[in-house]
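Please read the structure below before turning to the comments.
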C-alpha cells in the first residue's frame, strides 16, 4: 500500500517495466511483493492484471530469512476506473493507488486530482491536459 511503502524499501529500484501505456491510466495500485529475483517479470496472483513492476539494482540484497527481494508491483482490479468508469471508483481511488505520472524508481508516488477522479488541476489546465472520461 502506498502509505505503507517506506523510501528505504524502494531505494534500490533502478527502473520500471510498464506492460501498458500508463498515459491512459488515472491511477495504478502499488504493493511491495516478495519476489525471487531482482529483475525478471514476476508471476501475478491477483484478480485483475499487472500493469508494471520495478527492477532492482545489483546492490539490492535478498532477505536473509527468505532469500526473496521486496519489489513493487503495479496492478489494477476488474472494478477499477479504467474498465468500469461509472463504478465504485468513478471518483476517489483505492488506498494503495497513486497517479502513475508521479512514480519514479525510488519514489513512492502520490495521489493527484487526476487519480482521485476530480477536475484537472490548474497546472494541468494551463498545459491543456484534461481528464479522460
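Numbering (full-length UniProt numbering), first residue to last: 1 to 133. Glycine residues also receive a C-beta, built at the ideal position from the N, C-alpha and C atoms. Just so we're clear, the structure is a prediction, and the values are computed from it rather than from any experiment.
- With respect to the 8 angstroms criterion, residue 46 and residue 75 are classified as neighbours on the basis of their beta carbons.
- For residue 111 and residue 92, the gap between their C-alpha atoms comes out near 10 angstroms.
- At the C-beta level, residue 81 and residue 90 come within 8 angstroms of one another.
- Taking C-beta atoms as the reference points, residue 12 and residue 48 fail to come closer than 8 angstroms.
- Per the coordinates, the alpha-carbon of residue 68 lies some 35 angstroms from the alpha-carbon of residue 113.
- Inter-residue distance for residue 43 and residue 18 is about 15 angstroms (C-alpha atoms, whole angstroms).
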